[in-house]
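To convert, take the position in the sequence shown, counting from 1, and add 35; that gives full-length UniProt numbering.
In this text, a Cβ means the ideal position worked out from N, Cα and C, and glycines have one as well.
Remember, predicted model here, so these are calculated numbers, not experimental data.
For reference, the structure is listed below as structure tokens.
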Amino acid sequence: KGCIINGKRIAEEIQNELKCSITEWLTKHPRKPSLVAVLVGEDPASVKYVEKKMEAAQSVGIDSRTENLPNTITESQLIGKINELNNDPAVDGILVQLPVPKHISERNICNAVDPLKDVDGFHFSNAGKLCLNMNAFVPCTVLAVIELIKRTGVETFGKHVVVCGRSKNIGLPLSILLHSDARNELPGLEATVTLCHRNTPPEQLEMFTKMADIVISATGVVHLIKGHMIKEGACVIDVGINRIQTPEGKVKLVGDVDFDSVVKVAKHVTPVPGGVGPVTVAMLMKNTYLAAINHFR
Ligand code: NAD
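In structure tokens form, the structure reads like this:
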């Protein structure tokens with residue numbers, strides 16, 4: 036029976052380490068690191084995520100606040116707000132909670148954030164640097180997956196990793212870091228990576244996952260990964276967050292992984308909730324601290 040990776044515990048561990056580093060850093064700097072979340076509209080999931088990020092910031096000693104903006108805001112008004120924050124020397128990190136309303140271009144918004152304050156790592160210059168193995172802000176979910184693998188002690192050097200999902204924010208940057216050279220400025224994990232996506236035929240997906248030492252799913256497809264697709268002793272990381280209706284009419288959070296069947300064959304598996312999610316928040320704190328360090332350097 037597999038071991039369940041405790042994302043909540045790992046997140047606490049990371050946040051405790053950060054809290055110590057920030058306390059020490061504060062003895063030599065005039066103010067706390069600071070983070071501003073920009074929240075457009077009142078989508079309940081987004082409100083919840085931002086709340087969690089603000090709580091985490093508070094607990095590690097990062098100053099944080101949320102800019103609440105109405106759904107009706109125009110793209111240029113939103114970019115104007117982001118520019119204000121870009122120009123504010125008291126702000127180290129800026130995150131625009133996605134998704135933004137449909138009349139606003141997500142790409143334009145991500146590109147409006149000062150790359151040095153881009154703690155989500157979504158600006159094109161950070162994405163480009165990541166591709167070239169240069170130091171950059173890496174998306175927090177990508178960092179979370181890597182941190183979970185490292186802190187669980189799972190070997191990646193020369194191992195075969197299957198990544199499901201090719202999104203620009205998760206699947207693609209994750210596969211780049213996983214396959215890259217560990218000697219790079221931005222160190223890679225030296226794995227062989229197979230990147231699957233919505234047009235990978237299911238029988239091929241199964242063929243690949245059966246060979247994989249590590250399977251990472253970031254698709255939003257409920258129960259895409261089942262126990263019979265997993266090699267005995269593999270590590271399975273579930274990035275998916277899906278809201279489903281239970282027969283009783285309640286809303287339940289599930290991942291991409293059929294946990295009950297996978298836990299019987301895998302050596303390690305992350306649960307949803309309580310896996311990648313909390314660690315993602317912790318990595319946002321880490322990125323904010325890095326932004327503050329850079330600001331005062
Ligand atoms: P996305 O919709 O941009 O991308 C989904 C990807 O899955 C696409 O590249 C698509 O090709 C691929 N896909 C779809 N069906 C597939 C299939 N049958 N087989 C293989 N690949 C398939 O989503 P995203 O932004 O990359 O997010 C992925 C998931 O991660 C979502 O469920 C999202 O809610 C979740 N998420 C989790 C966190 C976290 O912190 N845990 C953060 C952000 C997003």
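Kindly examine ligand 1 and report whether one of its heavy atoms sits closer than 7 Å to the Cβ of ILE251.
no
Residue nearest to GLY255 in terms of C-alpha spacing, selected from HIS195, ILE205, VAL300
ILE205
Cβ-Cβ distance between HIS303 and VAL189 below 8 Å
yes
Inter-stretch contact (C-beta, 8 Å, three-pair minimum) for the stretch 86–93 and the stretch 307–326
yes
Who are the Cβ neighbours of residue 336 in its own chain at under 6 Å, not counting the five residues just before and after it?
Residue 336 lies beyond the residue range present for the chain, which begins at 36 and ends at 332; the question has no answer from this structure.
Got a sec, what are the start and stop residues for the beta strand (DSSP E) HIS195 sits in?
195–199
Rounded to whole angstroms, what's the CA-CA distance from ASP273 to VAL300? Just pull it up for me.
15 Å
Say the cut is 7 Å; is the CB of CYS231 nearer than that to a heavy atom of ligand 1?
yes
Please state whether DSSP places GLN132 in a helix, a strand or coil.
coil
Supposed contact pair LYS63 and VAL95 - C-beta distance, whole angstroms, cut 8 Å
At roughly 17 Å, the Cβ-Cβ gap does not stay under 8 Å, so VAL95 and LYS63 are not in contact.
Who are HIS303's beta bridge partners in DSSP?
CYS38, CYS270
As an exercise, report each continuous beta strand (DSSP E) stretch of at least 3 residues that is fully enclosed by the stretch 166–228, in chain order.
195–199
Pick from LYS116, VAL126, ASN168, ASP123: whose alpha carbon is nearest that of ILE144?
LYS116
For CYS166, is the beta carbon positioned less than 7 Å from some heavy atom of ligand 1?
no
Would you say the beta carbon of SER202 is closer than 7 Å to some non-hydrogen atom of ligand 1?
yes
Complete runs of the beta strand (DSSP E) confined to the stretch 40–83 [at least 3 residues]:
69–75
If we count the other Cβ atoms within 10 Å of its Cβ and call it buried at 16 or more, is GLU119 buried or exposed?
exposed
Relative to the C-alpha of LYS287, which residue among ILE57, ALA80, ILE39 is closest?
ALA80
Top-ranked residue by Cα proximity to VAL173, from GLY223, LYS194, CYS270:
GLY223
Looking at the strands, I want to know which residues DSSP matches up with GLU102.
VAL73
Where SER296 falls: helix, strand or coil (DSSP)
helix
Please state the DSSP three-state secondary structure of LYS285.
coil
Provide the residue span of the alpha helix (DSSP H) that contains SER111, from first to last.
110–121
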